[in-house]
Amino acid sequence: MVVLLVPRYSLFLVLLAVSFETLAADPAFSFSFPRFAKDLAFDSEMALFGDAEVSPVDSLIRISTSGRIMYRRPIGAPAPAQNPNPKYLTSLSTYFTFSVSNGELAFVVIPDSPSFKIGSSPTVLSVSLNASKVGIDVDGVVNASRFTTVNLEVNGGERLHAWIDYSGSSKRLEVRLSKSDSSRPFEPSASFLIDMSSFLRDSIFVALSASNASVYSWSFGLKHTLYTMHSEPLDPRKFSAGHHGEANPPEAQPKCDYFLKIFTPLIFGAACGAIVASFGLFAWTVVIDRRRRQTMVAAECPVYPVDFEYKKMLARNKVMDKGVK
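Encoded structure:
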C-alpha cells in the first residue's frame, strides 16, 4: 500500500502541470460559417458592403464588382482589468474558400481604434491573394519582400482553399493555397516575417475584401498564449563581442551554480525516495516480527485436547474412590 503512494502523487503532479499549461493557452475567440444563408444568425454577425450579396440558391456570397464581408463585432484582446501588465502573444488563423474571375481577394485586419469609428483611415493590414500571387500590404503599401508569386494552375472561377496563419511567438505569417479541400498543405505557399503585435494589441475587426469573386465559406480563430522565456528567440547581438556600444557578452556563471541547479532536484528526489523506502521497510519489518512472535508463543505453550484432560480427571477420581473404600 505504501509503494503505491509514489506513482499516485506523481500522476497528480503531471495532471497539475497539464492544467497550468492549459490555462496558459486561452482560445479567445472563433467563428465559423461553412455556408452562407440570409438568416438571423448571419445578419447578427456579418455585415456586407459594396455589391456583396448572399445568393440563397447557391449558399454563397457573390461580389460582382467590389465589396466586403466583415464580422460585425470587434474581436478583443486580453482584458487589462484582469491583467494590468499582460504578457500575451496573440496568434490568429483563418480559412476560407473562394473563387475569382480576373479579380482577387484579401483578408483584412483593421484595429478597433477611435479613428476607424469616426470614419477616417486607420492602419490596415491586408493579405491579398489569387491563383498567381500572394502579397501583404500595410496602408496600401506593398513591400517587395512581402510579395510572392504562386504557380497554381486553375481555370477561371475554379474554387480555391486558403489558410492564413500568424504565430505571435515566431512573428511569421504563412499562407497556403490549394485546389483540394482534402488536407491542409504542409508547406506554405508563401511565408513572411512580420510583427503584427501593434495590430493585435487591442481589439480588431476582420474582413474579406474582394473584386469579381465568390466566397463559399469562412472561419476564423484568435488565441492568446501566455508569454514564456522560450517564446521569444534569442538576440545574437547579446552574445557577440562589444561593438559600437552594444552590450558585452554576459558573464559566465560559475560551474558550481550549474551543478547545483542540476543536482539539487536529483538529490531532493533521491532523499524523498529513500524516506519512502525506509518507511516501507520499517512497516514490513514490524509485520514480520509480529508474525514471528506469534509463532514462538504457539510453540512454547502447546494446547492439549480437552478430551485428554477429561480422562486424567476420571483416573484420579477412581484412585480416590478406592482409597475411600
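When the letters of the sequence shown are read in order and numbered with mature numbering (1 follows the signal peptide of the UniProt record, and there is no 0), they come out as residues -24 to -1, 1 to 301.
Quick reminder that beta carbons are idealized off the backbone N, C-alpha and C, glycines included.
Could you tell me how far apart the beta carbons of residue i and residue j are, in whole angstroms, since I believe they sit closer than 8 Å?
i, j, result
"S159", "T73", "Rounded, the Cβ-Cβ distance is 14 Å, inconsistent with contact."
"I51", "L198", "6 Å"
"V110", "A183", "Going by Cβ atoms, the distance from V110 to A183 rounds to 18 Å, so no, they are not a contact pair."
Could you tell me which residues DSSP pairs with residue i in its beta bridges?
i, result
"L257", "The partner list for L257 (beta bridge, DSSP) is empty, contrary to what the question assumes."
"S6", "G197"
"A166", "V151"
"R38", "E29 and S190"
"G43", "G26 and A186"
Would you mind working out which of the options sits nearest residue i, comparing C-alpha positions?
i, options, result
"T185", "F9, L242, D19 and T41", "Checking the sequence, you will find Ser at residue 185 rather than Thr. Selected option, being the one with the closest Cα: T41."
"S104", "P87, R148, L153 and K147", "L153"
"N106", "P241, A13, A253 and N188", "N188"
"S173", "R49, T99, L257 and R268", "T99"
"residue 313", "A138, G26 and E21", "With the chain represented from -24 up to 301, any question about residue 313 goes unanswered, as that position is not in the structure."
"A82", "A138, P241, G245 and S35", "A138"
"D157", "S77, A253, A247 and Y71", "Y71"
Between which residues of its own chain and residue i is the CB-CB distance below 8 Å, once the five residues before and five after are set aside?
i, result
"R135", "T73, F74, S75, K155 and Y192"
"R48", "S20, E21, M22 and A23"
"F18", "F9, F12 and V30"
"S179", "P50, I51, G52, A53, P87 and D88"
"G26", "I39, T41, S42, G43 and R44"
"L36", "R11, F12, V30, S190, V191 and Y192"
"G32", "One point to set straight first is that residue 32 is Pro, not Gly, in the sequence displayed. Cβ neighbours of P32 beyond the five flanking positions: A13 and K14."
Hey, could you find the ends of the alpha helix (DSSP H) residue i is sitting in?
i, result
"G173", "The amino acid at residue 173 is misidentified as Gly; the sequence shows Ser. Looking at the DSSP string, the run of the alpha helix (DSSP H) that includes S173 is S173 to L176."
May I ask which residues mark the beginning and end of the beta strand (DSSP E) holding residue i?
i, result
"D27", "M22 to S31"
"P87", "Y64 to P87"
"F196", "I180 to L202"
"V110", "K109 to V114"
"R49", "Here R49 belongs to no beta strand (DSSP E), and DSSP marks it neither H nor E."
"D141", "L136 to S143"
"S102", "L101 to L105"
What does a CB cutoff of less than 7 Å around residue i pick up in its chain, not counting 5 residues either side in sequence?
i, result
"K147", "L169, I170 and D171"
"S67", "Y142, S143, G144, K199 and T201"
"S8", "S195"
"E163", "none"
"A28", "I37, I39, G43, R44 and I45"
"I251", "none"
"A228", "Note that A228 has pLDDT 47, beneath the 50 cutoff, so the model's placement of it is unreliable and the number below is only indicative. None."
Below 6 Å CB to CB, which residues in the same chain sit around residue i once its five sequence neighbours on both sides are set aside?
i, result
"S96", "Because the pLDDT at S96 is just 45, under 50, the model does not fix this residue reliably, and the value given afterwards should be weighed accordingly. Excluding residues within five positions, none has a Cβ falling inside 6 Å."
"L101", "V85, V114 and F175"
"S69", "D141 and G197"
"E80", "S104 and N106"
"P161", "R152 and S154"
Cβ of residue i within 7 Å of any heavy atom in the ligand FMN?
i, result
"S159", "With respect to the ligand FMN, the structure offers nothing, as it holds no ligand at all."
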